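Scroll down for the structure; my scribbles are underneath it.
Number of protein chains: 6
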Amino acid sequence: MLSARNKLSGKVRSIKKGDVMAEVIVEVGGGEMAALISRTSADQLDLKEGDEVRAVVKATEVMIEKD
Amino acid sequence: MLSARNKLSGKVRSIKKGDVMAEVIVEVGGGEMAALISRTSADQLDLKEGDEVRAVVKATEVMIEKD
Amino acid sequence: MLSARNKLSGKVRSIKKGDVMAEVIVEVGGGEMAALISRTSADQLDLKEGDEVRAVVKATEVMIEKD
Amino acid sequence: MLSARNKLSGKVRSIKKGDVMAEVIVEVGGGEMAALISRTSADQLDLKEGDEVRAVVKATEVMIEKD
Amino acid sequence: MLSARNKLSGKVRSIKKGDVMAEVIVEVGGGEMAALISRTSADQLDLKEGDEVRAVVKATEVMIEKD
Amino acid sequence: MLSARNKLSGKVRSIKKGDVMAEVIVEVGGGEMAALISRTSADQLDLKEGDEVRAVVKATEVMIEKD
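What follows is the structure, encoded as structure tokens:
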């Protein structure tokens, strides 16, 4: 069990792999989440479009916006 | 417009205010998001239960978990 | 209004766009700030040299150095 | 030498020490920077109002906002 | 499997619980790692001194220092 | 002295330089640490395999995992 509680389940909509980084777009319930991870991790996870994944975020990284 | 694209709309379910930090729980479409922000910012935003807010996350902070 | 209070106004001095990421250098009052954001966000913001922008940082990400 | 290049020099305007965290406000050229660090680090650095310090930020943590 | 590859195994040396945050010190092979997580997560993980845990860090958060 | 206390000494095992980012793998006591920093910083530090460095992490970025 990981201390980071924010886990949003969804499906991978797209992956763009660069030389060092990869951008992963995940469709979650409330919209979509973009993740910038290493190309190495994207390859190790064998990420493909349509994969069922979770977008995970540590709570210290979450900001709040209010009108 | 902010470069951070991850913005999930939701309602504040609870706020716990400490001496320096505050924990805000937001109900979003795909579950809930916990945010740890400063007590000062929570006061400045006048955050209350039921407020309509957005949880905002920079994409470099998002991890991917796959079974 | 965003909970992240650190907003430094300045002018974009340079942008280097890569395949997935982009590096943006902003001249602010106290020096310069380098930002690593996604190429997608750089394109969506249509960032160009000379643009008036704000460098925004969540307070949990700021360290203090003292001699 | 640290890979994090963003270093803004300034003077500590205020410190609020809590049980676990501390909030440090630094006056820098372009405004002010709020830092949330551990109470332990604030004590180890012996931070006081008026101290000359640098606010340090990794570039991956910097967002860009444009009107 | 999580995209964050940095996982250092160790034993919890101390925990300081505050109102909102908790500081956890983990003895790992190369020294010690301090983690600032929410009090809620520390309680949910039932963290105690001597627990075998892993300190987990996303690679985008790691800086390099060289003399 | 920097407020970020987590400093793990080790040797650079590999560097992969991309257009904007660089991935640095450091062998530390308890395993290895992957760091994603800017290509610019990697060049400025003149990072090479075998270099003695420290992997530095702010405590707010550290998560705890427990079985």
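Line by line, the protein sequences give chains X, H, F, G, C and W. So for the first sequence, the working numbering puts the first residue at 1; every next one is plus one. So for the second sequence, the working numbering puts the first residue at 101; every next one is plus one. So for the third sequence, the working numbering puts the first residue at 201; every next one is plus one. So for the fourth sequence, the working numbering puts the first residue at 301; every next one is plus one. So for the fifth sequence, the working numbering puts the first residue at 401; every next one is plus one. So for the sixth sequence, the working numbering puts the first residue at 501; every next one is plus one. C-beta atoms are modelled at their ideal positions from N, C-alpha and C, and glycine is treated no differently. If you're wondering where the values come from, they're calculated on a predicted model, not measured in any experiment.
Checklist entry - In chain order, what residues of the same chain lie with their CB nearer than 7 Å to the CB of Val256 of chain F, ignoring the 5 residues before and after it? => result Ala204, Asn206 and Lys207
Item to check | Same chain, Cβ closer than 6 Å to Glu427 of chain C, five either side skipped, listed in chain order | outcome: Gly410, Lys411 and Arg413
Next on the checklist: Taking the beta carbon of Gly29 of chain X as the centre, do at least 16 other beta carbons fall within 10 Å, making it buried, or is it exposed?
Outcome noted: exposed
Checklist entry - Can you tell me whether Met301 of chain G is buried or exposed, with buried defined as 16 or more other CB within 10 angstroms of its CB? => result exposed
Checklist entry - Does any C-beta atom of chain G lie closer than 9 Å to the C-beta of Leu419 of chain C? => result Reading off the sequence shown, one finds Asp at residue 419 of chain C, where the question assumed Leu. Taking Cβ atoms only, chain G reaches closer than 9 Å to Asp419 of chain C, which makes this a yes.
Next on the checklist: Can you give me the C-alpha to C-alpha distance between Met133 of chain H and Ile125 of chain H, rounded to a whole angstrom?
Outcome noted: 6 Å
Checklist entry - Does the distance from the CB of Val462 of chain C to the CB of Lys117 of chain H come in under 9 Å? => result no
Checklist entry - So, using beta-carbon positions, are Glu23 of chain X and Leu36 of chain X closer together than 9 Å? => result yes
Checklist entry - Less than 8 Å between the CB of Glu149 of chain H and some heavy atom of the ligand FMN, yes or no? => result The ligand FMN is not part of this structure, which contains no ligands at all.
Next on the checklist: Rounded to the nearest angstrom, what separates Leu547 of chain W and Ala242 of chain F at their Cα positions?
Outcome noted: 28 Å
Checklist entry - In chain W, what lies closer than 9 Å to Gly416 of chain C by C-beta? => result Checking the displayed sequence, the identity of residue 416 of chain C turns out to be Lys instead of Gly. Here the premise fails: no neighbours, minimum Cβ distance about 12 Å.
Item to check | Cβ-Cβ distance between Lys166 of chain H and Leu45 of chain X below 9 Å | outcome: yes
Item to check | Interface flag, Asp243 of chain F vs chain G, CB-CB below 9 Å | outcome: no
Checklist entry - Comparing the C-beta of Leu208 of chain F with each C-beta of chain H, is any distance below 9 Å? => result no
Checklist entry - Is any beta-carbon of chain H found at less than 9 Å from that of Ile225 of chain F? => result no
Checklist entry - Between which two residues does the beta strand (DSSP E) harbouring Ala248 of chain H extend? => result Lying outside 101 to 167, the shown extent of chain H, residue 248 of chain H is not represented and no answer is given.
Checklist entry - Along chain C, in chain order, which residues have C-beta atoms closer than 7 Å to that of Arg554 of chain W? => result Glu465
Checklist entry - With which residues is Arg54 of chain X paired in a DSSP beta bridge? => result X:Ser9 and H:Glu165
Checklist entry - Ordered along the chain, which non-local residues of its own chain (more than five positions away) have a Cβ less than 7 Å from that of Val353 of chain G? => result Gly310, Val312 and Val326
Next on the checklist: Contact defined as beta carbons within less than 8 Å: I believe Thr160 of chain H pairs with Thr340 of chain G. What is the distance between those atoms, to the nearest angstrom?
Outcome noted: Incorrect: roughly 26 Å between the Cβ atoms, too far for contact.
Checklist entry - Interface residues of chain G around Arg578 of chain W at Cβ under 7 Å? => result Since the first residue shown for chain W is 501 and the last is 567, residue 578 of chain W is missing from the structure and cannot be characterised.
Item to check | Where the region 527–539 of chain W meets chain C: residues whose CB sits under 7 Å from a CB there | outcome: Val528, Gly529, Gly530, Gly531, Met533, Ala534, Ala535, Leu536 and Ile537
Checklist entry - Looking only at DSSP bridge pairs, what is Ala322 of chain G linked to? => result G:Lys317 and G:Ile337
Next on the checklist: To the nearest angstrom, how far is the alpha carbon of Ser338 of chain G from that of Ile264 of chain F?
Outcome noted: 11 Å
Item to check | Neighbour flag for Leu247 of chain F against chain X, beta carbons, 9 Å | outcome: no
Item to check | Pairwise C-alpha distance: Ile415 of chain C and Ile215 of chain F | outcome: 43 Å
Checklist entry - In whole angstroms, what is the alpha-carbon distance linking Asp451 of chain C and Asp151 of chain H? => result 39 Å
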